[in-house]
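Notes follow the structure.
Protein chains in written order, with my numbering: chain C, 1 to 298; chain A, 1001 to 1277.
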């Protein structure tokens, strides 16, 4: 009896400790193994393929930077720059309008309006891809509802162009900006505005010297996030413009499916690598900015 | 005080203008889509909507998308929930590893990811034709049920599922819950299923809805691998039946909205932003 008691006391603690440690990494192993295969393998294949050159005559393969250099030349370079330009322009416009809209909503006295816009933003930011493209084709496309009625064609408007695509991209970029910037705007304390006003600052001075400096990391971070979103977008552009606007995602798709030239698969992989590098840079800029801006939200 | 009222009156017309412009920009395409899908020259017809069910490929592609979505949700939760709970209980070294692994898919755009996948799939006939791995590679590309898409979607869903679960776990004291359950004599699976999971209901729903929306709208990967789930089907019919493709887009939009609004209502919080496709 007396020897049984301590054993009962000790055993659960020891076993609980042992068991707590065991599932710690055992439960994580399947996740890591899964991503190593389903994500790691394709990533390595892309890296390997981007640097592999296959001799058409002999079939021999060798490593070189040829694919990467041809992915940065001619039509491919045009497409890459086109993507960067489209993403930068639409992200910049969306940053401005997103800020204006978020500010209008945050300072609103109507709680309902606020909640409605924020919920709608959550929905619209997720609304990309195919349905978005068709909604705009139905509205402003060649036989769109508004195109004929407003005589947009005669006015020189073309949805299947750079600016047309920008207009479409804003549809999911502006809500994304509203979601990103709202916490920062809520972090602007009323006391700061009052302090500025007590010191005789005008509305404009308050924004220039107090609000914007505080918001800058959030705004830049938001811009970079939007840029990344627009840069990676494929479905909307593919469903809408075909290949009238040169974009790197469309080029990769064409090269992958052998639409243009046979044997361009490895150039497609090199282009993909270019995209990963750009997206990686985006994240490398975004994460520190986000950390910095979150300091004000505490 | 005078200055305060001054600044308020100065801001308000601007605010009205911004809100009105936003309302026009965001509502007109939706309204125009509805008009486009019911407009047949001189009268209104709902033919595009009533014919949807009978159109070839609609049921098949929608069912395929739903099957893929359910499998993806089950698989991603089976992988993520035990791992995330375990990380809360200990194994703090692995915590940052998992955080990095789960955000890596954000750095690889879907189009680059699918370029890698199709390269790996090509290894099957090229190098592995005499090994049992070849059978696996053939099996996951089955036309009727392309499991390779599920694998890809799980990877693409990881960042959102991680965010949702992480937010949910932050609000719960997992260690206390588990220890309480354990000291009441529950086994590890019991503690997980009956003590931890009920407290994570919101986060699990959140993660499931986001994954569902992701899979239902996914176009890039499935299109380039040559399968025809829902989004690909809409594009494929758009050439011949423009009106119907818009009608289906409107419907799929409504469904997605209802899902995400339900999520917003259930979760009681805004949906985390995600990179648009």
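Glycine included, C-beta positions come from ideal geometry on N, C-alpha and C.
Can you find a C-beta in chain A that's less than 7 Å from the C-beta of residue 72 of chain C?
Residue mapping note: residue 72 of chain C aligns to position 72 of the first chain, counting from 1. So no, residue 72 of chain C is outside the interface.
For a test of the three-state rule: what should DSSP assign to residue 216 of chain C, helix, strand or coil?
As a working note, residue 216 of chain C is residue 216 in the first chain. The three-state secondary structure of residue 216 of chain C, taken from DSSP, is helix.
At the 7 Å Cβ level, is residue 181 of chain C part of the contact set with chain A, yes or no?
Along the first chain, read from residue 1 onward, the residue named residue 181 of chain C stands at position 181. Interface residue (Cβ-Cβ distance to chain A less than 7 Å): residue 181 of chain C is not classified as such.
Which residues share a DSSP beta bridge with residue 1043 of chain A?
The count along the second chain starts at 1 and reaches residue 1043 of chain A at position 43. Note: residue 1043 of chain A sits in a beta bridge opposite A:1040.
Say whether chain A places a C-beta atom closer than 7 Å to the C-beta of residue 35 of chain C.
Taking the first residue of the first chain as position 1, residue 35 of chain C is located at position 35. Yes, because at least one Cβ of chain A sits closer than 7 Å to the Cβ of residue 35 of chain C.
Is residue 317 of chain C near residue 1260 of chain A, with beta carbons less than 7 Å apart?
Summary: the structure shown does not reach residue 317 of chain C, with chain C confined to residues 1 through 298, and so no result is reported for it.
Per-residue burial, residue 150 of chain C [other beta carbons within 10 Å of its own, 16 or more giving buried]:
By 1-based counting over the first chain, the position of residue 150 of chain C is 150. Exposed is the call here.
Selection of the segment 188 to 218 of chain C by Cβ proximity to chain A, strictly under 7 Å
Here the close residues are 197 and 203.
List the DSSP bridge partners of residue 52 of chain C.
Residue 52 of chain C sits at position 52 when you count from the first residue of the first chain. DSSP, once it has assigned bridges, lists C:63 as partnering residue 52 of chain C.
What residues in the segment 1106 to 1131 of chain A have a beta carbon less than 7 Å from any beta carbon of chain C?
Across the segment 1106 to 1131 of chain A, CB contacts with chain C closer than 7 Å involve 1106, 1107, 1108, 1109, 1110, 1111, 1112, 1113, 1115, 1116, 1117, 1118, 1119 and 1120, in sequence order along the chain.
Buried or exposed by the 16-neighbour rule on C-beta atoms within 10 Å, applied to residue 37 of chain C
Within the first chain, numbered from 1, the residue matching residue 37 of chain C stands at position 37. Counting the other Cβ atoms within 10 Å of the Cβ of residue 37 of chain C gives fewer than 16, which makes it exposed.
Residue 1131 of chain A - DSSP class collapsed to helix/strand/coil
On the second chain, position 131 is the one that residue 1131 of chain A refers to. If DSSP states are grouped into helix, strand and coil, residue 1131 of chain A belongs with coil.
Starting from residue 1145 of chain A, follow the alpha helix (DSSP H) in both directions and report where the run begins and ends.
Residue mapping note: residue 1145 of chain A aligns to position 145 of the second chain, counting from 1. Going by DSSP, residue 1145 of chain A is part of no alpha helix (DSSP H) at all; its letter is neither H nor E.
Rounded C-alpha distance that separates residue 103 of chain C from residue 1181 of chain A
As a first step, residue 103 of chain C must be located in the first chain, where it is residue number 103. As a first step, residue 1181 of chain A must be located in the second chain, where it is residue number 181. The alpha-carbon atoms of residue 103 of chain C and residue 1181 of chain A are separated by roughly 47 Å.
Can you list, in chain order, the residues of its chain whose CB lies under 8 Å from that of residue 72 of chain C, leaving out five sequence neighbours each side?
For this step, residue 72 of chain C is matched to residue 72 along the first chain. Here the set comprises 80 and 274.
Are the C-beta atoms of residue 1013 of chain A and some chain C residue less than 7 Å apart?
On the second chain, position 13 is the one that residue 1013 of chain A refers to. Cβ-Cβ to chain C under 7 Å: no for residue 1013 of chain A.
For residue 1122 of chain A, name the three-state secondary structure that DSSP assigns.
Looking up residue 1122 of chain A in the second chain gives position 122. Three-state result, residue 1122 of chain A: helix.
Which residue from A:1222, A:1112, A:1193 and A:1029 puts its Cα closest to that of residue 1143 of chain A?
For the purposes of this step, residue 1143 of chain A is taken as the residue at position 143 of the second chain. That would be A:1222, whose Cα lies nearest to the Cα of residue 1143 of chain A.
Below 7 Å CB to CB, which residues in the same chain sit around residue 1071 of chain A once its five sequence neighbours on both sides are set aside?
Reading the second chain from its first residue, position 71 is the one you call residue 1071 of chain A. Within the same chain, residue 1071 of chain A has close Cβ partners 1150.
Close Cβ partners of residue 1247 of chain A (< 6 Å) along its chain, the five nearest in sequence each way excluded:
For the purposes of this step, residue 1247 of chain A is taken as residue 247 along the second chain, with counting starting at 1. Setting aside the 5 residues that flank it on each side, residue 1247 of chain A is surrounded in the same chain by 1037, 1048 and 1049, each with a C-beta closer than 6 Å to its C-beta; the list follows chain order.
Smallest Cα separation from residue 1158 of chain A: which of A:1196, A:1206 and A:1124?
If you number the second chain from 1, residue 1158 of chain A lands on position 158. Closest option to residue 1158 of chain A, judged by alpha-carbon separation, among A:1196, A:1206 and A:1124: A:1206.
State whether the segment 137 to 152 of chain C contacts the segment 210 to 225 of chain C, with contact taken as three or more CB pairs (one from each stretch) at a distance under 8 Å.
No: the two stretches stay apart, fewer than three of their Cβ pairs being nearer than 8 Å.
Own chain partners of residue 1068 of chain A with C-beta closer than 7 Å, once the 5 adjacent residues on each side are dropped
Translated into positions along the second chain, residue 1068 of chain A becomes position 68. Only 1149, 1150, 1153, 1215 and 1229 meet the Cβ criterion.
Distance check for residue 177 of chain C and residue 1273 of chain A, CA to CA, integer angstroms please.
Within the second chain, the letter at position 273 stands for residue 1273 of chain A. Within the first chain, the letter at position 177 stands for residue 177 of chain C. With a pLDDT of 42 at residue 1273 of chain A, under the threshold of 50, the modelled position of that residue is not reliable, and no figure is offered here.
What whole-angstrom Cβ distance do residue 250 of chain C and residue 237 of chain C have, given they're in contact under 8 Å?
Working through the first chain from its first residue, we reach residue 250 of chain C at position 250. Working through the first chain from its first residue, we reach residue 237 of chain C at position 237. The pair is a contact, with the Cβ atoms about 6 Å apart (cut-off 8 Å).
Neighbour list for residue 257 of chain C in chain A, Cβ cutoff strictly below 8 Å:
One-based indexing of the first chain puts residue 257 of chain C at position 257. What residue 257 of chain C touches in chain A, judged by beta-carbon distance under 8 Å, is 1224, going in chain order.
As a quick exercise: from C:290, C:160, C:166 and C:206, pick the residue whose alpha carbon is nearest that of residue 220 of chain C.
Your numbering for residue 220 of chain C matches position 220 in the first chain. Across the set C:290, C:160, C:166 and C:206, the C-alpha of C:290 shows the shortest separation from the C-alpha of residue 220 of chain C.
Cβ distance (whole Å) where residue 217 of chain C is taken to contact residue 109 of chain C below 8 Å
Numbered from 1 along the first chain, position 217 holds the residue referred to as residue 217 of chain C. Numbered from 1 along the first chain, position 109 holds the residue referred to as residue 109 of chain C. With 8 Å as the limit, residue 217 of chain C and residue 109 of chain C do not qualify as a contact, their Cβ atoms being about 28 Å apart.
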